[in-house]
Structure formats: structure tokens, C-alpha cells
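Here's the structure, in C-alpha cells; my notes come after.
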Amino acid sequence: MKIQAINGFKDILPDEVTRWQHIEQVTRDIFHRFNFKEIRLPILEETQLFARSIGQSTDIVEKEMYSFTDKGITMRPEATASLLRAFIEHGMHVQQPVHKLYTIGPMFRHERPQKGRLRQFHQLDAEIIGAVEPEVDAELMAMGQLLLAELGLEASLEVNSLGCPQCRPAFRQKLVDYLEKYTDQLCGDCRRRISTNPLRVLDCKNPNCRELVNDAPSILDALCTDCDEHFARVRSSLDLLGVTYTPNPLMVRGLDYYTRTTFEFIARNLGAQSAVGAGGRYDGLIEELGGPKLSGIGFAMGIERLVLLLQEKDKSESAPRNQVDIFIAALGDQATLKCFQLAHLLRKTGIRAGMDYSGRSLKAQMKLAGRLGARFTLIVGDQELQEKKAGLRNMQDQSQEDFSLHQTPEETARNLKTIITESLPVNERPDFTRRQI
RNA sequence: GUGGGAGUAGCUCAGCUGGUGGCAGCACCUGGUUGUGGCCCAGGAGGUCGUGGGUUCAAGUCCCAUCUCUCACCCCA
């Protein structure tokens with residue numbers, strides 16, 4: 199029986215993890231600059247939470263959730279609902295008026311996998327709760343754009359407003375009236391959408407539908423006074439921050455809870471999945487979930503999609519170099535035991551030490567040292583052990599000198615640590631505070 | 001859920017109209033150097049050709065089924 203990972207679930211192998219760590223590091227750095235705090239959330243929630251927030255009739259809730267139907271719980275398909283549940287549950291709104299929170303982790307949706315889409319995928323998710331001002335919308339988008347920029351990625355930002363419960367229903371009706379005149383020219387999917395989710399027709403990929411949609415009523419013409427003013431201030435705020443963006447009145451979001459501002463970061467090279475990140479405002483949702491009457495806005499980026507873009511940009515996936523500071527090559531049983539002990543002492547001092555116990559030839563051990571990117575190799579043979587010395591080879595300049603083994607093992611380790619540390623430029627020296635032997 | 005493409009060594013892939021699985025590349029191991037890495041040279045190891053049936057004297061190759069992966073639709077980060 200051959201056991202393998204199930205469809206749509208992927209292992210992230212060590213070489214690739216380096217990229218993930220880089221993305222997470224840049225994300226935390228930027229989010230902290232914007233004064234966001236991390237929150238860590240459970241993966242399982244009551245099914246009701248998602249049904250009520252994302253929308254009972256959305257595809258996600260209707261057919262894509264991993265649910266334990268006998269227990270009424272579901273693996274989260276997105277982060278916002280869980281985050282708001284935690285926010286409400288812990289009464290966080292009484293601590294301060296505005297909360298900026300982020301979380302990073304896996305999400306689960308039972309869709310057919312394809313490029314940039316998996317059944318377990320990962321998002322970094324940022325939410326601002328308790329602020330209704332348009333400047334907040336702009337700040338959040340600016341943060342997303344800065345993140346992409348600092349990762350070295352290019353993506354365009356498209357922005358729209360979906361209105362609010364005051365103005366959207368009227369627009370929806372107007373749109374349905376328009377579409378029904380052209381039912382026979384729409385694709386099959388769109389004919390279905392007229393009754394299920396007419397706004398979806400706006401971003402259909404079918405050329406005929408796109409043609410028709412061009413002359414359809416625009417949501418931006420149908421906004422109520424408050425929404426219209428909000429959107430105008432979002433745009434002027436983006437301009438003030440120097441954020442480049444494109445208004446796109448045809449952009450629709452899939453989750454029911456969005457109101458007013460919605461946006462997507464669009465990238466090339468992602469196959470059919472062009473959105474690397476997306477988000478929007480959800481002004482009624484917190485109350486809907488039983489919380490206080492507070493506004494919110496947030497976005498999520500797909501980490502797998504960021505990884506794809508980074509791979510595209512930098513095709514050379516060079517193996518990680520310099521995994522150890524020093525490699526210890528032992529020849530003979532006596533020397534092996536001595537080196538075994540020394541390697542552990544070095545590691546206790548904070549030095550990354552590598553060693554091989556299989557008694558292979560010096561040549562093989564040198565090769566291993568080279569592969570690990572060791573800066574130094576300490577060569578200890580049984581005969582040298584008698585003379586209390588070893589060879590210390592600098593792997594970069596190929597020089598080699600004698601190294602005394604007359605001191606205690608602890609002193610030997612400290613001496614090696616000093617040599618290794620002093621071989622590094624000052625700004626690359628590790629912080630060895632609290633690591634003493 | 002619907003449609004296309006693909007499964008041969010750890011990875012990337014050759015393999016023509018059926019006739020013994022490749023001196024293939026990368027990676028790995030050993031040797032060239034009785035104890036010195038990267039480059040080079042030589043050698044070695046590694047496979048139920050996704051799986052199961054069928055046609056045939058003979059199937060990696062043709063046919064059917066099935067599984068898996070992949071791209072796209074739907075939908076979405």
C-alpha cells in the first residue's frame with residue numbers, strides 16, 4: 199500500500215520553507231510597523247459561525263467546507279469569521295476603540311485543486327475593527343501594497359464599492375432588470391446567476407457577457423450619499439498616500455458580508471487565479487454575529503500564491519548555504535568520541551556544528567562539510583589526538599593551521615567559538631548572550 | 001461537480017511504425033589522493049515503466065478500466 203498526501207494537500211519541503219519564513223518575516227515586520235497585533239485562532243469552529251458570516255448560499259458554505267456533520271463543527275475556510283468570533287467572545291472592544299489584528303495560518307476549502315489553489319492553503323490576514331473612517335480603508339490597502347513591494351512583487355490594486363444595505367438592493371434590482379433583457383445572449387452560468395447572485399455576472403469571463411456588462415448600470419452610480427462620500431474619501435486618501443490603484447466597478451467579492459470598499463491585488467503569472475490578495479469592509483457583520491455595533495475591514499493574502507510569484511521572479515532555487523559554522527571531521531574511534539563531545543559543547547555555546555558518525559573517509563567528510571557550507575573544518579585523527587592537536591581548516595581560503603587540544607574540552611570549545619566569531623564581519627556575528635559553558 | 005493534458009530511477013526527462021528499460025542529465029555512493037571539500041575523470045548503486053485487465057509469439061509502446069497528478073471551468077486567497 200502506497201500512502202501519499204491526499205489531493206489538494208501539500209508538503210512544504212525544507213528548501214521551500216526558507217521562502218515561507220521570509221514571507222512571514224516581512225509580513226510581521228510590516229504589520230508591526232502599522233501597529234497590528236498578532237492573534238492565534240483555532241482551526242475548528244462551529245459550523246454556524248461560517249454559515250452566518252460568509253453567507254448560507256455561497257459556494258464556500260454550500261459545498262466547499264470540511265465539516266464534521268455529526269459534531270456541527272467545521273475547519274475554517276477563511277480567517278475573518280474566526281477572528282471576529284474571538285474578538286466578540288473576549289469583549290475586546292471595551293479595552294480600546296480600535297483594534298488592529300493579524301493572523302497567519304491554514305484554511306480549508308474542498309475545491310478542485312489547480313494552480314495557486316489547494317484544499318489546505320495558507321493566508322496572512324489583517325483586520326481593523328472599530329473604525330469606519332475611509333482613511334482606515336486606505337491605510338489597509340497601503341499596507342498590503344507595501345507588503346507586496348517589500349517582497350519584490352508587482353501587483354495592481356483594484357478598488358470598488360459594493361454599497362450598503364441602504365443602496366445595494368436597489369442597484370441589484372436595476373441590474374437584474376437590465377440583464378433580463380439580454381437573457382438569451384448570456385452564458386449558461388450567467389443565466390443562473392441572475393437569480394442566485396446577479397452581481398456575479400459583472401465579472402464573468404465569457405466574452406459575450408463582458409460585452410453586455412459594459413453597458414450595464416454601474417454600482418458606482420447607484421451608491422447612496424454616505425457610501426458615495428465614503429468611496430470618494432477612500433480614493434483621495436489613497437492618492438494622498440501615493441498608492442497606485444484602478445477603480446473597477448465590475449469587481450465583485452464572493453463573500454456575503456462585504457459592504458462598501460472592496461479591493462483585490464491582481465498579479466500576472468498566477469494562472470487563472472489572478473488575485474494574490476483581496477479584502478473589503480464588513481460594516482454589519484460584527485453585530486450580525488452577536489457583537490457590538492462596530493465596523494470592520496480586512497484583507498487576506500494567499501501565501502501559496504505569494505510563493506508562486508516569488509518562484510516566478512527568482513527561478514534559481516539555490517540550495518541553502520552555510521548551514522553550519524564548523525564541521526568536525528573525526529578519524530578513528532577515539533577521535534570520534536572526542537569530537538562527539540566537542541560538537542555538543544560547541545552547540546551549547548551557540549555555534550552551529552556539524553558532524554558525521556559513520557566513520558567515512560576524510561575525503562567524504564570534507565565533501566559533507568563543503569555541502570553544509572561550513573566556514574571551518576576541524577580535523578581530528580587518532581594520531582593527532584596523541585599529540586593533543588588537530589587541524590583547523592578555513593574552508594573559504596583553504597588555509598589550514600594547527601589547533602591545540604591541550605585544554606579542557608570546555609576551553610577548547612570556547613577557543614573555537616572565538617576563532618569562528620572573529621572570522622565574521624562584526625555585523626554578522628550572532629548574539630551569544632546567555633550562552634555560556 | 002464538469003472538461004482537457006500527463007504518469008518511465010530521489011528529481012528533470014529520452015524511449016520512433018510493438019522486438020532485451022537509458023554508457024541520458026542533476027543528485028547520491030566509491031575510487032583516482034594509505035588523511036583534505038567545490039572543478040575534472042573513472043566506476044557503482046538505484047525501476048513491479050501508476051495499477052488491473054485485454055490484444056499479440058512478444059506491450060513502456062496498442063485497447064479498456066481504474067487510481068493519481070496537473071491545467072482550466074465553477075468558485076475563490
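Per my numbering, the first sequence starts with residue 199, numbered consecutively.
Where a beta carbon is used, it is the ideal one built from N, C-alpha and C, also for glycine.
Could you tell me if residue i is buried or exposed, where buried requires 16 or more neighbouring beta carbons within 10 angstroms of its beta carbon?
i	result
Phe538	exposed
Glu276	buried
Ile618	buried
Phe266	exposed
Ala470	exposed
Leu438	exposed
Asp629	exposed
Glu427	exposed
Asp424	exposed
Val474	buried
Gly500	buried
Glu462	buried
Val450	buried
Gln645	No answer is possible for residue 645: the residues shown for the chain start at 199 and end at 635.
Pro623	exposed
Ala340	buried
Thr460	buried
Asp531	exposed
Thr256	buried
Asn406	exposed
His320	buried
Determine the DSSP secondary structure at residue i, reduced to helix, strand or coil.
i	result
Met339	helix
Gly530	coil
Gly568	helix
Arg550	coil
Ala353	coil
His308	coil
Asn358	strand
Gly289	coil
Glu262	helix
Thr278	helix
Ile201	coil
Phe229	helix
Glu331	coil
Phe574	strand
Arg315	strand
Leu504	helix
For residue i, write down the residues that DSSP places opposite it in a beta bridge.
i	result
Gly303	Gln321
Asp600	Gly589
Arg478	According to the sequence displayed, residue 478 carries Gly and not Arg. Gly478 is bridged to Thr460, Gly496.
Glu236	Tyr300
Look at the Cβ atom of residue i, then the Cβ atom of residue j, and state whether they are nearer than 8 Å.
i	j	result
Val522	Gly552	yes
Leu468	Gly314	yes
Leu377	Ile228	no
Arg458	Cys362	yes
Glu486	Arg250	yes
Leu239	Ser280	yes
Phe497	Ala324	yes
Leu507	Ala562	no
Ala284	Ile237	yes
Glu356	Asn412	no
Task: Segment contact flag, the stretch 314-334 with the stretch 486-494, C-beta cutoff 8 Å, min 3 pairs - done: yes
Task: Cβ contact (3+ pairs, closer than 8 Å) linking the stretch 294-305 and the stretch 249-265 - done: no
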